[in-house]
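Okay, structure first, notes after.
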Amino acid sequence: MKQGSELCDYVSNNSKVRLPPLFLCKSTIPLWEKNGIKKNKAQNYKCTDCKKQFQHEYLYWGADINIKRQIIKMLVHGSGVTDIAKVLSVSKGCVIRTLVKTGTQVNLKSSKKYYHKVQIDELHSFVGKKEKKVWTVRRAIIYAYDAETDEIIAVTAGKRSKKQVKDLFKRLNDLTIDWFCTDNWKAFKEVLPYERHLIGKQFTKTIEGVNTSLRNSCKRLNRRTTARAAPKFLKESL
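Final position of the sequence shown in numbering that gives the first Met the number 0 is 237; the numbers increase by one with none missing.
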């Protein structure tokens, strides 16, 4: 794929070559040199300082780091897998691999150890057949949210069951929390400490608003859409 105006000129091995933009290289003064031939018979280049390797041009757009960044940007702005693949002229497999890889790299860390009130709720969508909700096929996304710091503290994805709520509660064990705010779901009542459990929609207004924002940002979580069903592993990454 041609980089256009983003390509920069450098002198390497007494010959001028056109290479990817500077931000792809960790070196402030890159010194490029040829470094063998790729399997696709393309010339490979390497920075002698940071040792990062590049190709002159990518034969497949999906291998370009800029395309991968664009995939993530489009995802959080409401584009679906098919939409992204068509707009960026890459395969659906490329989009899915990028999303799954990015999702597995996410590591939630709370900004503090003490929280006064934490709101907990579940999100659902469709898997397999669209007319079925996620928990119809025993899948759900349950997460804990703090309104004061506007952060998601912990999240779990799996069966919509008491076991899954226990898994979320286990992720919160290292934190000091005064109150857990949830709706009237039976699993919440059985797992969360009774003396610190507030039940009712009046206590979960903020997290309900977050759910709405997530549905607007992620097409897969939309309640009414013509999008096709996503596989279970992709749902968890989203």
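Don't be surprised by glycine CBs; every beta carbon is placed ideally from N, CA and C. This one's a predicted model, so the numbers in the text were calculated from it and none came from an experiment.
As assigned by DSSP and simplified to three states, the class of residue i
{"i": "residue 43", "result": "strand"}
{"i": "residue 217", "result": "coil"}
{"i": "residue 120", "result": "strand"}
C-beta atoms of residue i and residue j nearer than 8 angstroms
{"i": "residue 290", "j": "residue 181", "result": "Residue numbering for the chain in the displayed model covers 0 to 237; residue 290 lies beyond these limits and cannot be assessed."}
{"i": "residue 177", "j": "residue 116", "result": "yes"}
{"i": "residue 143", "j": "residue 159", "result": "no"}
{"i": "residue 107", "j": "residue 141", "result": "no"}
{"i": "residue 213", "j": "residue 122", "result": "yes"}
{"i": "residue 206", "j": "residue 118", "result": "yes"}
{"i": "residue 31", "j": "residue 46", "result": "yes"}
{"i": "residue 95", "j": "residue 80", "result": "yes"}
{"i": "residue 37", "j": "residue 43", "result": "yes"}
{"i": "residue 186", "j": "residue 164", "result": "yes"}
Beta-bridge pairing of residue i - partner residues as DSSP gives them
{"i": "residue 104", "result": "None, per the DSSP bridge assignment."}
{"i": "residue 32", "result": "45"}
Endpoints, the alpha helix (DSSP H) within which residue i is located
{"i": "residue 72", "result": "64-74"}
{"i": "residue 89", "result": "Looking at the DSSP string, residue 89 is not in any alpha helix (DSSP H), and its letter there is neither H nor E."}
Problem set entry | Runs of alpha helix (DSSP H) wholly within the stretch 136-201 (minimum 4 residues, chain order) | If we require 4 residues or more, the alpha helix (DSSP H) runs fully inside the stretch 136-201 come out as 161-170 and 185-190.
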